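Numbering (our numbering), first residue to last: 18 to 85.
Now the structure itself:
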């Protein structure tokens, strides 16, 4: 028996650049993905992101408490 000769959509090939995925998510769905320490943002902007994240999802786990 031979293996699959084609790759199902979404598997294999090149992965898109995460920045492009984030840009498309914002422009088409209104979904904003921002890393808390994104250096393109000023300190007040990063602090606002942190506060919004805590309000919506609670405090982040400290480095030693993370469960993957």
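In this text, a Cβ means the ideal position worked out from N, Cα and C, and glycines have one as well.
These numbers were taken from a predicted model, which means no experiment stands behind them.
Is the beta carbon of residue j closer than 7 Å to that of residue i?
i	j	result
residue 66	residue 51	yes
On the DSSP letters alone, give me the boundaries of the alpha helix (DSSP H) that residue i sits inside.
i	result
residue 37	35-46
Decide yes or no for the touch test of the stretch 29-43 against the stretch 56-65: beta carbon pairs closer than 8 Å, at least 3 of them.
no
Segments of 4+ residues assigned as alpha helix (DSSP H) that fall wholly inside the stretch 53-79:
60-74
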